[in-house]
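Chemist: One structure follows; several queries about it will come next.
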Amino acid sequence: MQSNVIMKEKIVHIFLLAAICCALNGCGTKGPLYIPEQQYPQDTSAKN
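With numbering that gives the first Met the number 0, letter number 18 in the sequence shown gets 17, and the count goes up by one each step, no holes.
See below:
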């Protein structure tokens, strides 16, 4: 009986870990990293 409870707890922990990994995998920007300044140069002159 005790081993059944331990096994169920392990299954729940593994399921929760997998769910967290899937959720974290969906976060963030997709695609290659780039430096925006190279593609869109910024004006460096001060306008005061």
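Just so it is clear, CB atoms sit at the ideal spot from N, CA and C, and this is done for glycine as well.
#1: For lysine 7, which of helix, strand or coil comes out of DSSP?
#2: Assign cysteine 21 to one of three DSSP states: helix, strand, or coil.
#3: Report the three-state DSSP secondary structure of serine 44 (helix, strand or coil).
Modeler: For this structure:
#1: Judged by DSSP in its simplified three-state form, lysine 7 adopts helix.
#2: Looking at cysteine 21 - three-state DSSP - the assignment turns out to be helix.
#3: Annotated three-state conformation of serine 44 is coil, per DSSP.
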